[in-house]
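First residue of the sequence shown? That's 9 in this note's numbering, and the numbers climb one at a time after it. Every residue gets a Cβ at the ideal spot worked out from N, C-alpha and C, and that includes glycine.
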Amino acid sequence: MVSVPEVNLNSGKVIPTIGLGFWLTPEDQAANIAYEGLNAGYRLLDSARIYKNEQGVINGIARWLAEDPEHRHRGDVFYTTKIYDTEHGYSETKAALNNSIEKAKKIGYIDLVLVHSPQSNYEKRHGTWMALQEAVDSGKVKSIGVSNYGIKHIKELLAYPDLKFKPVINQLELHPWLTRTKLVEFSKSQGIAIEAYSPLTHGKKLNDPDLVRLGKKYSKSPAQILIRWSLDKGFIPLPKTVHTARLAPNLDVFDFNLTNDEVKLLDQKDEDLKFCWDPTVYPLDNEKREDA
Ligand SMILES: NC(=O)c1ccc[n+]([C@@H]2O[C@H](COP(=O)([O-])OP(=O)(O)OC[C@H]3O[C@@H](n4cnc5c(N)ncnc54)[C@H](OP(=O)(O)O)[C@@H]3O)[C@@H](O)[C@H]2O)c1
Numbered sequence: 009m010v011s012v013p014e015v016n017l018n019s020g021k022v023i024p025t026i027g028l029g030f031w032l033t034p035e036d037q038a039a040n041i042a043y044e045g046l047n048a049g050y051r052l053l054d055s056a057r058i059y060k061n062e063q064g065v066i067n068g069i070a071r072w073l074a075e076d077p078e079h080r081h082r083g084d085v086f087y088t089t090k091i092y093d094t095e096h097g098y099s100e101t102k103a104a105l106n107n108s109i110e111k112a113k114k115i116g117y118i119d120l121v122l123v124h125s126p127q128s129n130y131e132k133r134h135g136t137w138m139a140l141q142e143a144v145d146s147g148k149v150k151s152i153g154v155s156n157y158g159i160k161h162i163k164e165l166l167a168y169p170d171l172k173f174k175p176v177i178n179q180l181e182l183h184p185w186l187t188r189t190k191l192v193e194f195s196k197s198q199g200i201a202i203e204a205y206s207p208l209t210h211g212k213k214l215n216d217p218d219l220v221r222l223g224k225k226y227s228k229s230p231a232q233i234l235i236r237w238s239l240d241k242g243f244i245p246l247p248k249t250v251h252t253a254r255l256a257p258n259l260d261v262f263d264f265n266l267t268n269d270e271v272k273l274l275d276q277k278d279e280d281l282k283f284c285w286d287p288t289v290y291p292l293d294n295e296k297r298e299d300a
């Protein structure tokens, strides 16, 4: 079984370098996919309140841990959830967190809570961050971060007068057709690690001739080449699948590297192409669009 390397976060915690995504994984399949994902070697599981499958993911983790308590420990697993836009604001986020923490009771704590997107306003984003900071102080949440934050949103957060904890992660859509160099470099310069969502382009670019050619060279699939590109860029990719047969192959990417030239070749495909939403430009005005 693949053993996934870890990297340091600015919270002093470590995070696995690849994770399993759960967007669009139905609640009634989430426990089994989480359990089978852990069996396959995944150690980072990425849920969100809006995915409506937090309980399933937690049940899968709890089942996996309970099966071999001597060798499997809570610290072996990294569980993420996210606070959705409609739950921004201090009291709203407090209530949302309490609900997610209650769901996570059987695994004790949540490793990472992200602000799912910056789509509210200054006051609400600030209140949300204050509630997240308190959750870290309570010990029920170990690290906090953001998702879909553009440079302006990060600068705003880092300037909070009562900032106690910096975000550990900015989770962004990233793949060769969307490399977001400025935003990635800015995030990294602030000590914020990058998670890459939609790393498989929702399966839409798997016939790309360069992916196919590189796949032949390394005896890997185009999906594995995309995941390897993400790792070679220093991102933490979060491929998603509901097919247990795809779990192990999507993780089988630690026995080869792309060359620098191959990474650059794939980088050149960048055309600012999004397969998902793009709140990094919120609100949509020209000034903020440049920052994305
Ligand atoms: N923060 C955010 O705003 C945000 C937004 C989007 C996603 N995310 C996170 O990132 C994760 C991944 O992103 P994503 O779900 O948007 O897209 P993705 O991982 O790029 O693509 C998932 C799609 O690819 C298919 N797939 C998986 N493995 C495959 C393989 N080996 N060969 C061919 N097709 C394959 C899956 O189908 P099957 O499931 O049928 O196998 C699914 O349709 C999400 O699940 C979520 O955790 C976060």
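The beta carbons of Ser151 and Leu17 sit closer together than 7 Å. By the C-beta density criterion, Gln276 is exposed, having fewer than 16 other C-beta atoms within 10 angstroms. Linking Pro184 to His79 through their CA atoms gives a straight-line distance of about 38 Å.
Assignment of beta-bridge partners to Leu180 by DSSP yields Ala204.
Distance check between Ala143 and each of Tyr98, Lys163, Thr187 and Pro169 places Tyr98 closest, using alpha-carbon atoms only. The C-beta distance from Pro126 to Tyr290 rounds to 6 Å, short enough to meet the 8 Å contact threshold. Taking C-alpha positions only, Tyr43 is separated from Trp72 by approximately 6 Å. A distance criterion of 6 Å places the beta-carbon of Phe30 in contact range of ligand 1, judged by its closest non-hydrogen atom. His96 and Lys132 do touch by the CB rule: their CB atoms are close to 4 Å apart, below 8 Å. Cα atoms of Leu165 and Ala204: separation of roughly 21 Å, rounded to the nearest angstrom. Under DSSP, Asp54 forms a beta bridge with Gly29 and Thr88. When the Cα atoms are used, Leu171 and Ile177 turn out to be separated by approximately 16 Å. The DSSP assignment places 217-226 and 230-240 as complete runs of the alpha helix (DSSP H) inside the stretch 196-251, in order along the chain (cut-off: 4 residues). The stretch 240-260 and the stretch 132-141 do not touch, with fewer than three beta-carbon pairs separated by less than 8 Å.
Spanning the alpha carbons of Gly199 and Pro207 requires a straight line of approximately 22 Å. Taking C-beta atoms under 8 Å as the contact rule, Gly242 and Ile233 fail to qualify, at a distance of about 17 Å.
In this structure, Ser19 is the residue among Trp237, Ser19, Val12 and Thr209 with its C-alpha nearest to the C-alpha of Lys174.
Where Asn268 is concerned, the enclosing alpha helix (DSSP H) starts and stops at Asn268 to Asp275. A direct Cα-to-Cα measurement between Asn265 and Asp240 gives close to 7 Å. In the three-state reduction of the DSSP assignment, Lys150 falls in the strand class. Residue pairing by DSSP places Val15 opposite Ile23 in a beta bridge. Straight-line measurement puts the Cα of Ile109 at about 7 Å from the Cα of Lys148.
Look at Asn156: its beta carbon is less than 6 Å from one of the heavy atoms in ligand 1.
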